[in-house]
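Here is the structure we will look at.
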Amino acid sequence: MAKRGGFPGGGMPGNMANLMKQAQKMQRQMEEQAKEMETKEFTAAAGGGAVEVTVSGAKKLLKVHLNEEVVDPDDIEMLEDLIVAAVNEAMEKADAESASAMSKFTGGMGGTMPGLF
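For the sequence shown, position 53 matches number 53 in the UniProt record's numbering, and the numbering has no gaps at all.
Structure follows, in structure tokens:
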């Protein structure tokens, strides 16, 4: 008499073990990708290159370069705006690369794993 329900040959435990191995492998690969991402640098400019900033993949501001002509004591607000614009663009580059790297693991389903990037 055949068993009802379940899987022929008790295949479920073996499949579950394979699934767990695959999940652990994917987790290691995602951790490696996250570490690699932290070492990358992303540079962006604003004001036609008058302000240039570099951020890390870990979203830390690493460098700020200002051309002399953009430093005007009578117009500090413009300089502040250019710095903000350049930092935001560099962060967006880092986010885009992070999302692209994560899509390898999520199969393009969108989103990132919380806490990884």
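All C-beta atoms, glycine included, are put in the ideal place defined by N, C-alpha and C.
{"Query": "Quick one, are the C-beta atoms of residue 46 and residue 85 less than 7 Å apart?", "Result": "yes"}
{"Query": "Buried or exposed, going by whether 16 or more other CB atoms sit within 10 Å of the CB of residue 62?", "Result": "exposed"}
{"Query": "Output the distance between the C-alpha atoms of residue 26 and residue 20, rounded to the nearest integer angstrom.", "Result": "10 Å"}
{"Query": "What does the alpha-carbon distance come out to for the pair residue 69 and residue 32?", "Result": "42 Å"}
{"Query": "What residue range is occupied by the uninterrupted beta strand (DSSP E) comprising residue 69?", "Result": "Residue 69 -> no beta strand (DSSP E), and no H or E assigned at all."}
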